[in-house]
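In my numbering, the protein residues as written are 2 to 274. A virtual CB, placed ideally from N, CA and C, is assigned to each residue, including glycine. These figures come from a predicted structure and were not determined experimentally. Take a look at the structure below.
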Amino acid sequence: MSIPEDPSLLEKIEMIKGAIAEKEKVLVAFSGGVDSTTLAALAFEVLGDNALAVTLDSCAIPKSELENAKRTAKQIGIRHIVLEHDMLSNEMIRQNDPDRCYYCKKLFMRTLKDVIDQEGLNVLLEGTNASEITGRRPGWAAINEAGDLVFTPYTEFGITKKEVRQMARHLGLEVADKVSNACLLSRLPYGAEVTNSALRRIERAEEFLLFLGITHIRVREHNDIARIEVLPVDFPVVHEKREELLSRFKELGYSYITLDMEGFRSGSMDEVL
2 MSIPEDPSLL EKIEMIKGAI AEKEKVLVAF SGGVDSTTLA ALAFEVLGDN
52 ALAVTLDSCA IPKSELENAK RTAKQIGIRH IVLEHDMLSN EMIRQNDPDR
102 CYYCKKLFMR TLKDVIDQEG LNVLLEGTNA SEITGRRPGW AAINEAGDLV
152 FTPYTEFGIT KKEVRQMARH LGLEVADKVS NACLLSRLPY GAEVTNSALR
202 RIERAEEFLL FLGITHIRVR EHNDIARIEV LPVDFPVVHE KREELLSRFK
252 ELGYSYITLD MEGFRSGSMD EVL
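Here it is as structure tokens:
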């Protein structure tokens with residue numbers, strides 16, 4: 002398929018739809034975020050019941066995100082199934098290896114390949130966008146190794162995160178402005194053993210900050226220390242709710258609660274590598 006020079010948003014949407022149509026029967030890796038939701042909506046528009054959205058229910062995903070994914074799939078109309086996924090069965094993931102995302106994505110694709118075979122589908126559609134493939138990306142390396150099993154339309158056509166959000170707005174999707182979230186394992190230092198109890202504690206800590214009205218959040222856990230990342234504009238909220246926050250975090254088991262003065266940033270655990 003030839004790509005028009007500097008294609009418009011509508012041309013890019015049509016290019017994605019054309020590429021999906023050629024696949025005939027697809028599985029969409031579906032988290033309920035803006036990337037996968039936009040992809041699922043386009044796949045359903047093109048293929049109807051020949052498009053299947055699959056969400057893996059693992060310890061890395063907050064329960065609220067799982068419920069959001071179920072609701073969003075229903076709004077789109079796409080067939081949707083949720084599968085339990087034991088990430089911690091893999092030792093490299095459980096030990097939070099620096100290449101954890103590589104092993105995670107390998108396990109992820111192996112699980113979805115089983116569904117593809119069972120359902121008689123042809124390919125896995127995956128929502129990595131062109132803004133996400135620079136820098137250190139072990140998970141992207143695993144996708145590249147998968148060959149023809151996986152098709153990533155956004156990278157194929159050079160579509161950035163900003164453009165995906167524009168597409169979502171054009172399609173009238175509620176998730177267009179949804180804050181991006183990373184798996185809960187990214188809140189733990191590399192080399193720290195991942196346990197369900199630690200991930201649930203982090204989940205509850207972040208839920209409390211969301212309750213305070215803060216949207217961009219990471220609670221990084223360093224043993225019994227909680228390092229809170231929020232946007233600098235939200236520092237006053239943390240200060241105002243200081244006593245309430247300290248009470249809740251100590252109730253969760255943290256001995257020390259800190260506010261990271263650099264503020265919210267994705268991938269801060271990579272800064273030590």
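Straight through space, the alpha carbons of residue 244 and residue 151 are spaced by roughly 48 Å.
188 is the residue among 196, 188 and 195 whose C-alpha sits nearest the C-alpha of residue 229. Closest by C-alpha distance to residue 194, out of 110, 119 and 90, is 90. Within the same chain, and ignoring the five residues on either side of residue 264 in sequence, the residues whose Cβ sits closer than 7 Å to its Cβ are 230, 231, 232 and 233. The C-alpha of residue 39 lies about 22 Å from the C-alpha of residue 61.
A straight line joining the alpha-carbon of residue 72 with that of residue 63 spans about 15 Å. Residue 267 and residue 66 have their alpha carbons spaced roughly 18 Å apart. Here the alpha carbon of residue 35 sits roughly 22 Å from the alpha carbon of residue 112.
The residue from 155, 158, 127 and 15 with its alpha-carbon nearest to that of residue 143 is 127. Residue pairing from DSSP places residue 56 in a beta bridge opposite 83. A distance below 7 Å between beta-carbons, with the five flanking residues on each side excluded, links residue 180 to the following residues of its chain, in chain order: 216 and 217. Looking from the CA of residue 53, the closest CA among 20, 122 and 96 belongs to 122. In this structure, residue 129 lies near residue 155, with their beta-carbon atoms less than 8 Å apart. In this structure the stretch 102 to 110 does not lie against the stretch 206 to 215, because fewer than three pairs of beta carbons, one per stretch, are closer than 8 Å. Listed in chain order, the non-local C-beta contacts of residue 261 below 6 Å within the same chain comprise 228 and 230, local neighbours out to five positions each way being set aside. About 6 Å separates the beta carbons of residue 169 and residue 176, which is inside the 8 Å limit, making them a contact pair.
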